[in-house]
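Protein chains in written order, with this note's numbering: chain W, 73 to 185; chain Z, 6 to 117.
Working notes, beginning with the structure itself.
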Amino acid sequence: ELKVEQNPLFLSMQEGKNYTIYCNYSTTSDRLYWYRQDPGKSLESLFVLLSNGAVKQEGRLMASLDTKARLSTLHITAAVHDLSATYFCAVDPYGGSQGNLIFGKGTKLSVKP
Amino acid sequence: NAGVTQTPKFQVLKTGQSMTLQCAQDMNHEYMSWYRQDPGMGLRLIHYSVGAGITDQGEVPNGYNVSRSTTEDFPLRLLSAAPSQTSVYFCASSYSWGRGYTFGSGTRLTVV
């Protein structure tokens with residue numbers, strides 16, 4: 073059974089601090105997605121990682137993918153309150169051929185002044 | 006370009022009733038899928054489709070039917086609603102080979 077595990081599930085940070093969210097998965101895959109969800113809202117695409125070693129950055133967020141270790145990380149630099157949200161990673165175990173994703177349970181991030 | 010449109014946004018059903026959740030996309034995406042989101046569970050795949058006329062089951066398909074007669078539409082049918090189907094439902098679409106998925110705004114369903 074394919075499992076996608078995120079940790080931590082809850083993260084309370086102070087503004088200005090750095091932290092990393094981890095996403096481990098149990099099957100081979102070179103496709104991983106990160107999403108952000110605000111309360112009561114839909115999922116917003118943050119990063120699409122489509123190969124081993126892929127690294128993408130947008131503002132204070134940087135995502136990377138290590139397919140050999142089956143690990144993706146979402147690094148937060150100098151957190152600000154606006155980053156408070158739930159972050160999901162999702163893995164495509166079929167190489168893009170079947171159009172579906174397996175999600176982690178999400179990391180609820182709270183950034184406090 | 007409306008993206009992925011889901012209707013209704015909110016719905017309350019009585020146990021045993023049936024209904025259809027609508028999902029439409031105007032991006033000519035080949036792939037479409039339905040997920041349900043429950044607290045602490047992330048999103049779980051219900052059904053998916055890689056093109057018109059082709060559907061398949063995901064992780065939690067029981068109690069749901071789908072069909073895909075056109076590229077644009079992918080309705081989700083609840084055959085006989087149960088309280089366990091109380092959830093938020095999201096529809097998503099993508100070009101083939103999963104180059105990025107777009108999600109609809111969701112339908113919040115309560116079964117009493």
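Virtual Cβ for every residue (Gly too), placed ideally from N, Cα, C.
These numbers were taken from a predicted model, which means no experiment stands behind them.
Helix, strand or coil at residue i [DSSP, three-state]
| i | result |
| --- | --- |
| H52(Z) | strand |
| Q90(Z) | helix |
| D78(Z) | strand |
| K19(Z) | coil |
| D43(Z) | coil |
| V117(Z) | coil |
| A29(Z) | strand |
| N70(Z) | strand |
| K14(Z) | coil |
| K180(W) | strand |
| L84(Z) | coil |
| V9(Z) | strand |
| S169(W) | coil |
| Y2(Z) | The question about residue 2(Z) has no answer here: the residues shown for chain Z are numbered 6 through 117. |
| D61(Z) | strand |
Candidates the options: closest to residue i by CA position
| i | options | result |
| --- | --- | --- |
| Q170(W) | L50(Z), N67(Z), G68(Z), N33(Z) | L50(Z) |
| F95(Z) | G68(Z), S74(Z), L26(Z) | L26(Z) |
| D61(Z) | G68(Z), F79(Z), N67(Z), H52(Z) | H52(Z) |
| A57(Z) | G105(Z), G45(Z), P44(Z), E77(Z) | E77(Z) |
| S72(Z) | V55(Z), A87(Z), G109(Z), N6(Z) | V55(Z) |
| R142(W) | R108(W), C95(W), G112(W) | C95(W) |
| N67(Z) | K14(Z), S74(Z), A87(Z) | A87(Z) |
| N70(Z) | T10(Z), S110(Z), W39(Z), S92(Z) | W39(Z) |
| E77(W) | H153(W), T145(W), N172(W), Y166(W) | T145(W) |
| V93(Z) | P44(Z), V65(Z), N6(Z) | P44(Z) |
| N33(Z) | Q42(Z), G8(Z), M24(Z) | G8(Z) |
| T91(Z) | N6(Z), F15(Z), T10(Z) | F15(Z) |
Pair within 8 Å by beta-carbon distance, residue i and residue j
| i | j | result |
| --- | --- | --- |
| L155(W) | L181(W) | yes |
| V127(W) | A151(W) | no |
| L114(Z) | L18(Z) | yes |
| S117(W) | Y107(W) | yes |
| L206(W) | Y91(W) | Residue 206(W) lies beyond the stretch modelled for chain W, which goes from 73 to 185, so this question has no answer here. |
| D164(W) | S114(W) | no |
| I174(W) | L104(W) | no |
| G178(W) | T149(W) | no |
| L81(Z) | C28(Z) | yes |
| T12(Z) | V116(Z) | no |
| M134(W) | H147(W) | yes |
Min CB distance residue i to chain C below 8 Å
| i | result |
| --- | --- |
| F79(Z) | The chain labelled as chain C is not found among the protein chains of the depicted structure, namely W and Z. |
Where residue i meets chain Z, residues with beta-carbon distance less than 9 Å
| i | result |
| --- | --- |
| S117(W) | G105, Y106, T107, F108 |
Where residue i meets chain W, residues with beta-carbon distance less than 8 Å
| i | result |
| --- | --- |
| V65(Z) | Going along chain W, no residue has its Cβ under 8 Å from V65(Z), so there is no contact; the nearest lies around 12 Å. |
| G58(Z) | Result: empty, since nearest Cβ-Cβ is about 14 Å, beyond 8 Å. |
Contact list for residue i against chain Z, beta-carbon separation under 7 Å
| i | result |
| --- | --- |
| N172(W) | S38, L50, Y53, G63 |
Residue i: contacting residues in chain W (beta-carbon distance under 7 Å)
| i | result |
| --- | --- |
| S99(Z) | G171 |
- Query: What beta strand (DSSP E) runs, 3 residues minimum, are completely inside the segment 73-158 of chain W?
  - Reply: Runs found: 76-79, 82-86, 91-97, 104-109, 115-121, 127-130, 133-138, 143-148.
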